[in-house]
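Participant:
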Amino acid sequence: MGKAYTEIPDHLRPLLKKLPVYYVASAPTDPKDHINISPKSNDGSFCIMDKQTVAYLDLVGSGAETGAHISSNGRLTMMFCTTEEEDAPQIVRLYGKARIMWPSEVLSHSVLKHSFPSHLLENPGFRAVYVLSIDRVQTSCGYAVPIMEFKRHRVNETHRKVADKMGREGVLQYQVLKNSFTIDGKKGLAQLKPDAKAVIPVVEQRGYYFGKEIAKMSWRDAFFARLSLLLSEADTLVQAHWAPLCCFLVGVSAGALIVKQKGKMGS
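Its first residue numbered 116, the sequence shown is counted upward by one per residue in our numbering.
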């Protein structure tokens, strides 16, 4: 039978630390945009800071939905589930609000800089750490989850090789291309970081939104890219303030009508 807690109980801590994979789910503020869920390799990327705070280290990938959603509303759910024969079937979910910490912040943080292994902190693809403040912990049975045998993590043997081959500059260029926009065309992680370029134009191809450096575009493409970006920002602003904007316009119209009627009565 499932149970709910306001913090991580002591008996769950060892389980969360040892499970080889976990999942993170986030949702955008705009209901028309897509909800996201991502699997993560727990090769030291997850840590428990205290009973109501956990964190995970994120490496560069082809998507950047979570960061965009977190910057918008902070909502994040993490899910862990047992799959090995020797473990009792169980699912654990951690609910709460998250915030983004950038590599420079993590490396200077008194706790977090010692919470992750060096092979992740020194990885050229290390892009952020997400810190989750938990408001609910929930357990449930995991009988619907099949029994699977864990073999090995792939991050070290694959991701690190690719990142080393690309080099730091290559990884940054990859982030501009792949992490500048979400699949809904909203600002992604590459545009949210402190050292982000002032303007990253969007290029839509095959159902994805890619970022492209203006320096590598023709003047014509750069002009229309900037124009498209400005229109997108204006659309987002209007959507965010649509209700008060409507009230303002109605008030202005009503005021103008009253003034007009008084003018007629005076004449």
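Note that CB positions come from ideal geometry on N, CA and C, so glycine has one too. Everything numeric in this text was worked out from a predicted model, so none of it was measured.
When the Cα of residue 299 is compared with those of 118, 185, 324, 135, which residue comes out closest?
Facilitator: Translated into the one-based positions of the sequence shown, residue 299 becomes position 184. Nearest C-alpha to residue 299: 324.
Participant: State the DSSP-derived secondary structure class of residue 258, mapped to helix, strand or coil.
Facilitator: On the sequence shown, position 143 is the one that residue 258 refers to. Residue 258 falls in the coil class under three-state DSSP.
Participant: Is residue 173 helix, strand or coil by DSSP?
Facilitator: The residue you call residue 173 lines up with position 58 of the sequence shown. It is a strand residue.
Participant: For residue 165, is the classification buried or exposed, using 16 other Cβ atoms within 10 angstroms of its Cβ as the cut-off for buried?
Facilitator: Taking the sequence shown and counting its residues from 1, the one referred to as residue 165 is at position 50. That one is exposed.
Participant: On the criterion of 16 or more Cβ atoms from any shown chain inside 10 Å, does residue 124 qualify as buried, or is it exposed?
Facilitator: If you number the sequence shown from 1, residue 124 lands on position 9. Exposed, since its Cβ has fewer than 16 Cβ neighbours within 10 Å.
Participant: To the nearest angstrom, how far is the alpha carbon of residue 200 from that of residue 259?
Facilitator: Numbered from 1 along the sequence shown, position 85 holds the residue referred to as residue 200. Numbered from 1 along the sequence shown, position 144 holds the residue referred to as residue 259. Distance between the alpha carbons of residue 200 and residue 259 is about 14 Å.
Participant: Taking the alpha carbon of residue 235 as the point to measure from, which residue in 143, 310, 174, 134 has its own alpha carbon closest?
Facilitator: Residue mapping note: residue 235 aligns to position 120 of the sequence shown, counting from 1. Nearest option by C-alpha distance: 174.
Participant: Quick one: what's residue 247 bridged to in DSSP?
Facilitator: Residue 247 sits at position 132 when you count from the first residue of the sequence shown. Residue 247 is bridged to 169, 213.
Participant: Of all the options 246, 182, 218, which has the alpha carbon lying nearest to the alpha carbon of residue 209?
Facilitator: One-based indexing of the sequence shown puts residue 209 at position 94. Checking every option, the nearest Cα to that of residue 209 belongs to 246.
Participant: Since residue 288 and residue 242 should fall inside the 8 Å C-beta cutoff, what is the C-beta to C-beta distance between them, to a whole number of angstroms?
Facilitator: Taking the first residue of the sequence shown as 1, we reach residue 288 at position 173. Taking the first residue of the sequence shown as 1, we reach residue 242 at position 127. The pair is not a contact, with the Cβ atoms about 13 Å apart (cut-off 8 Å).
Participant: Looking at the structure shown, is residue 192 part of a helix, part of a strand, or coil, going by DSSP?
Facilitator: Within the sequence shown, numbered from 1, the residue matching residue 192 stands at position 77. Note: residue 192 maps to strand in three-state DSSP.
Participant: Using CA coordinates, which residue listed in 232, 211, 212 is at the minimum distance from residue 221?
Facilitator: Against the sequence shown, residue 221 aligns to sequence position 106. If we check each option's Cα against that of residue 221, 232 comes out closest.
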